[in-house]
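Colleague:
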Amino acid sequence: MTGFAGPGQEADPISKFWSDMMTSMGAASMPKPPTQEELLKQMRRAFFDAWAAKCDEFMRSEAFLAMMKQSMESSLAFREKTNAFLKRSLGDAQMPSRDDTDSILIALRSLQEKMLDKLDVLTERVAALESSSGKASSTTKGKKS
Amino acid sequence: MTTTTDASAAPFPMMPWMLTPADMQRQWEVFCSKVTAMPKVLEVAKKVRVGITPSETVFRRDTLQLHHHLSDNAQVYDTPLVCVFALINRPYILDLKPGKSVIAHFVDGGFDTYKIDWGVPSHAQRYLNMKDYIEGYLGDVIDHVRERTGADKVNLLGYCMGGTMSTMFTALHPEKIKNLILMAAPVDWSNKDHLLARWTEPDVFDVDRLIDAYGNAPADMLQGSFALLKPVSTMVEKYINFYENMENEKFLEDYFAMETWLNDNIPVAGEMFREFVKFCMQQNRLIEGRLTIGERTVDLKQITCPVLNLMAEHDHLVPCGQSAPLEGAVGSTDYEAVRFPAGHIGLAVGSKANRELWPMANDWLAERSNKL
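Top line first, the protein sequences correspond to chains A and B. Heads up, the first sequence is in my numbering, so the first residue is 1 and it goes up one at a time. Heads up, the second sequence is in my numbering, so the first residue is 1 and it goes up one at a time.
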């Protein structure tokens, strides 16, 4: 016989299955309402997501790109003026400026490149000579044998 | 007539987000607990350590150092692995802390592992260009490792810009590379929808003028630009998360390790930065086969070794669209691409990546390596 269990009795398997199923179905259809803390976190997430989306949209806009370009140009102009001023001041004080060290660096690099190119040519020539002398010696050995 | 008033009722309708006096009391208690946690926070910040796998420096060239990672485990595979990080930021992100280390996965897996630290370029190195880095430094490192280990070829793992450089090197010297692993490595900049691609377009960003004025690309500018890509996340949410987790020691350790790395920016050698921005980002020469390094053209079809291309689905610096086109560009028949649900940094240090992605990458490399 099936039926609800009385006090002190264990529910039979079918009743237990039925009541468990109905409980879980009910719970699924009515999710637990969020607590105030969860609600606040959800609201904050939505708020930040909207903020981030708007920022992204703005940072792609022509207005922002023009602003970014303008600020970079101002900063570069200031830097260029500072560089020019320092170069002139250091030149007047007969001290080397960064431009002077840069020109030495460029000269050194060009010298380094020339030397490396020469070395590459020499390496190729040595390799060619080695291979031709190797061939020659193997031919001589072949003839001797 | 008498009226009764419910003392518990609010004088105005309560909305769900409004704080009751009890909530305010609780918030005050939380705030007090945060204040009392401050000494602990400072203690954790002081003892933060990054770069955990023991290593020795085996090769130096100018500012470059090659670290050989040491392990108690026996070496299992014959081909060494060389990890190449970007020129921006420091390479210890690949070996941040226990449980968050790409290097440790390979070292523990039995690979003889090396990592390149490019160092901080001085003003005297402003003229170092792509040829110096790819054919010079990277080529010297690969030759040194081959000579040191007696291996004909090495495995190469490149992260971000280091991945792009590794791709270029493999295309130029396919005979020296056995397997190529790429992590969030951009190769195709044709899609201009991405925010960073938009900001670096020639009409917006004058890279020539920047490098002429500054010499090297300034670290602060690079860091500021990357932070500005996700301003709400990097400038607001990060600090709220920190406040909410101030009492969690595990969170603090991760937070300070990441912050140490994020704020450890370095400048990029001027000519290298100029060439990378102009030739790759603005003119998209690499994927189109128009990029020359020295006198040689970088032909990606020359890459015939096995390639594992790891991409991060939520990457805000290198979207998958910049890495995925490699598949059609290389000549490899053994090519595998993985899109992992992580961000640019999460691909290396994320818990899920360290749990799932890196053991898989380790297996991929092991399958294609010979045992000693």
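The C-beta atom is built at its ideal place from N, Cα and C for all residues, glycine as well.
Taking only beta-carbon atoms, is A/D100 less than 9 Å away from chain B?
Modeller: Walking along the first sequence from the start, residue 100 of chain A turns up at place 100. Not closer than 9 Å to any Cβ of chain B, the Cβ of A/D100 fails to qualify, so no.
Colleague: Would A/D20 pass as an interface residue toward chain B - the criterion being a Cβ-Cβ separation below 9 Å?
Modeller: Taking the first sequence and counting its residues from 1, one reaches residue 20 of chain A at position 20. Chain B contact via Cβ: absent.
Colleague: For B/E56, does the three-state DSSP call read helix, strand or coil?
Modeller: Stepping through the second sequence from its first residue, residue 56 of chain B is reached at position 56. Strand, per DSSP.
Colleague: By alpha-carbon positions, which one of B/A324, B/G331, B/H67, B/L229 ends up nearest to B/P306?
Modeller: The residue given as residue 306 of chain B occupies position 306 in the second sequence. The option with the nearest alpha carbon to B/P306 is B/G331.
Colleague: On the premise that B/I52 lies in contact with B/K115, defined as a C-beta separation below 8 Å, what is that separation, rounded to the nearest angstrom?
Modeller: For the purposes of this step, residue 115 of chain B is taken as the residue at position 115 of the second sequence. For the purposes of this step, residue 52 of chain B is taken as the residue at position 52 of the second sequence. The C-beta distance from B/K115 to B/I52 rounds to 12 Å, too long to fall under 8 Å, and the pair is not in contact.
Colleague: Using a Cβ-Cβ cut-off of 9 Å, state whether B/H67 counts as contacting chain A.
Modeller: For the purposes of this step, residue 67 of chain B is identified with residue 67 of the second sequence, where counting begins at 1. Chain A contact via Cβ: absent.
Colleague: Looking at chain B, is there any beta carbon in it that lies within less than 9 Å of the beta carbon of A/R88?
Modeller: In the first sequence, residue 88 of chain A corresponds to position 88, counting from 1. Not an interface residue.
Colleague: In chain A, what lies closer than 7 Å to B/Y214 by C-beta?
Modeller: Taking the second sequence and counting its residues from 1, the one referred to as residue 214 of chain B is at position 214. The answer, in chain order, is R79.
Colleague: Kindly list the residues whose CB is nearer than 7 Å to the CB of B/T4, restricted to its own chain and excluding five residues on each side of it in sequence; keep chain order.
Modeller: For the purposes of this step, residue 4 of chain B is identified with residue 4 of the second sequence, where counting begins at 1. Note on B/T4: pLDDT 45, under 50, position unreliable in the model; no value is reported.
Colleague: Around the C-beta of B/Y159, are 16 or more other C-beta atoms found within 10 angstroms, so that it is buried, or is it exposed?
Modeller: For this step, residue 159 of chain B is matched to residue 159 along the second sequence. The residue is buried, with at least 16 neighbouring Cβ atoms inside 10 Å.
Colleague: Do you know offhand how far B/D117's Cα is from A/M59's?
Modeller: On the second sequence, position 117 is the one that residue 117 of chain B refers to. On the first sequence, position 59 is the one that residue 59 of chain A refers to. In a straight line, the C-alpha of B/D117 is about 34 Å away from that of A/M59.
Colleague: Alpha carbon to alpha carbon, how far is B/S233 from A/A52?
Modeller: If you number the second sequence from 1, residue 233 of chain B lands on position 233. If you number the first sequence from 1, residue 52 of chain A lands on position 52. Straight-line Cα distance between these residues: approximately 8 Å.
Colleague: Inspect the CB distances between the stretch 68-85 of chain B and the stretch 242-258 of chain B and report whether three or more fall short of 8 Å.
Modeller: no
Colleague: State whether the stretch 318-328 of chain B contacts the stretch 170-185 of chain B, with contact taken as three or more CB pairs (one from each stretch) at a distance under 8 Å.
Modeller: yes
Colleague: Measuring alpha carbon to alpha carbon, tell me which residue in A/S71, A/S133, A/E38 is nearest B/M221.
Modeller: Residue mapping note: residue 221 of chain B aligns to position 221 of the second sequence, counting from 1. Checking every option, the nearest Cα to that of B/M221 belongs to A/S71.
Colleague: In whole angstroms, what is the alpha-carbon distance linking B/N362 and B/Q27?
Modeller: Translated into positions along the second sequence, residue 362 of chain B becomes position 362. Translated into positions along the second sequence, residue 27 of chain B becomes position 27. Note on geometry: alpha-carbon atoms of B/N362 and B/Q27 lie some 47 Å from one another.
Colleague: Alpha carbon to alpha carbon, how far is B/M246 from B/V30? Give it in angstroms, no decimals.
Modeller: Stepping through the second sequence from its first residue, residue 30 of chain B is reached at position 30. Stepping through the second sequence from its first residue, residue 246 of chain B is reached at position 246. Taking the straight line joining both Cα atoms gives about 11 Å.
Colleague: From the DSSP secondary-structure annotation, give me the bridge partner or partners of B/Y335.
Modeller: The residue you call residue 335 of chain B lines up with position 335 of the second sequence. Partner(s): B/V307.
Colleague: Please state whether DSSP places B/N155 in a helix, a strand or coil.
Modeller: Taking the second sequence and counting its residues from 1, one reaches residue 155 of chain B at position 155. Strand.
Colleague: Could you name the residues of the stretch 189-200 of chain B whose beta carbon sits closer than 8 Å to any beta carbon of chain A, in the order they occur along the chain?
Modeller: L195, R198, W199
Colleague: In chain A, which residues lie with their C-beta within 7 Å of the C-beta of B/L210?
Modeller: In the second sequence, counting from the first residue as 1, residue 210 of chain B sits at position 210. Going along chain A in sequence order, the residues near B/L210 (Cβ under 7 Å) are L76.
Colleague: For B/M382, count the other beta carbons within 10 Å of its own beta carbon; 16 or more makes it buried, fewer makes it exposed. Which is it?
Modeller: Only positions 1 to 372 of chain B appear in the structure, and residue 382 of chain B is not among them; the question remains open.
Colleague: Rank B/L372, B/F242, B/L228 by C-alpha distance to the C-alpha of A/L65 and give the top, closest one.
Modeller: Position 65 of the first sequence holds residue 65 of chain A. Nearest of B/L372, B/F242, B/L228 to A/L65, Cα basis: B/L228.
Colleague: Whose C-beta lies closer than 8 Å to the C-beta of B/P218 among residues of the same chain, with five residues either side of it excluded?
Modeller: Residue numbering aside, residue 218 of chain B sits at position 218 when the second sequence is read from its first letter. For B/P218, where only same-chain residues beyond five positions count, the Cβ hits under 8 Å are P267.
Colleague: Using the rule of at least 16 other Cβ atoms within 10 Å of the residue's Cβ for burial, across every protein chain shown, is B/D132 buried or exposed?
Modeller: For the purposes of this step, residue 132 of chain B is identified with residue 132 of the second sequence, where counting begins at 1. B/D132 is buried by the Cβ-count criterion.
Colleague: In whole angstroms, what separates the C-alpha of A/A63 from that of A/D49?
Modeller: Position 63 of the first sequence, counted from the first residue, corresponds to residue 63 of chain A. Position 49 of the first sequence, counted from the first residue, corresponds to residue 49 of chain A. Their backbone Cα atoms lie some 22 Å apart in a straight line.
Colleague: Hey, B/G110 and B/N73 are a contact pair by Cβ (cut 8 Å); roughly how many whole angstroms apart?
Modeller: Indexing the second sequence from 1 puts residue 110 of chain B at position 110. Indexing the second sequence from 1 puts residue 73 of chain B at position 73. Confirmed, about 6 Å.
Colleague: So, is the C-beta of A/Q94 closer than 9 Å to a C-beta in chain B?
Modeller: Within the first sequence, the letter at position 94 stands for residue 94 of chain A. Chain B contact via Cβ: absent.
Colleague: Identify the contact partners of A/K69 in chain B, using a Cβ-Cβ distance below 7 Å as the criterion.
Modeller: The residue given as residue 69 of chain A occupies position 69 in the first sequence. Within chain B, the residues near A/K69 are V204.
Colleague: How about A/P13: is its C-beta nearer than 9 Å to some C-beta of chain B?
Modeller: Residue mapping note: residue 13 of chain A aligns to position 13 of the first sequence, counting from 1. It does not; no Cβ of chain B falls within 9 Å.
Colleague: Buried or exposed: where does B/V141 fall if 16 or more other Cβ atoms within 10 Å of its Cβ makes it buried?
Modeller: Position 141 of the second sequence, counted from the first residue, corresponds to residue 141 of chain B. Buried, by the Cβ-count rule.
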